[in-house]
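K.L.:
Numbering (our numbering), first residue to last: 33 to 96.
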């Protein structure tokens, strides 16, 4: 049995030149992230870990 194809999405704020982060969700619920300029490199995380990371960015706490 093969997995359904991934549907990659990018922000509506992204420009047409590329240079954006794309996101897809697997059938198992993992969140995949990739850079449009290098789509062969894919990071995998959970929805909750991504939410915590985005909250840290919004509050200036990422990387500290």
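Just so it is clear, CB atoms sit at the ideal spot from N, CA and C, and this is done for glycine as well. From a predicted model like this one, the values you see are computed outputs, not experimental measurements.
Distance, Cα to Cα, residue 88 vs residue 81?
P.N.:
For residue 88 and residue 81, the distance between alpha carbons rounds to 11 angstroms.
K.L.:
Per DSSP, residue 77 is paired with what?
P.N.:
Among the bridge pairs identified by DSSP, residue 77 is matched with 63.
K.L.:
Can you give me the Cβ contacts of residue 39 inside the same chain, cut-off strictly under 7 angstroms, excluding the 5 residues immediately before and after it?
P.N.:
56
K.L.:
What separation, rounded to the nearest whole angstrom, lies between the Cα atoms of residue 73 and residue 52?
P.N.:
13 angstroms
K.L.:
Excluding the 5 residues preceding and the 5 following residue 41 in the sequence, name in chain order all residues of the same chain whose CB lies nearer than 8 angstroms to its CB.
P.N.:
54, 55, 56
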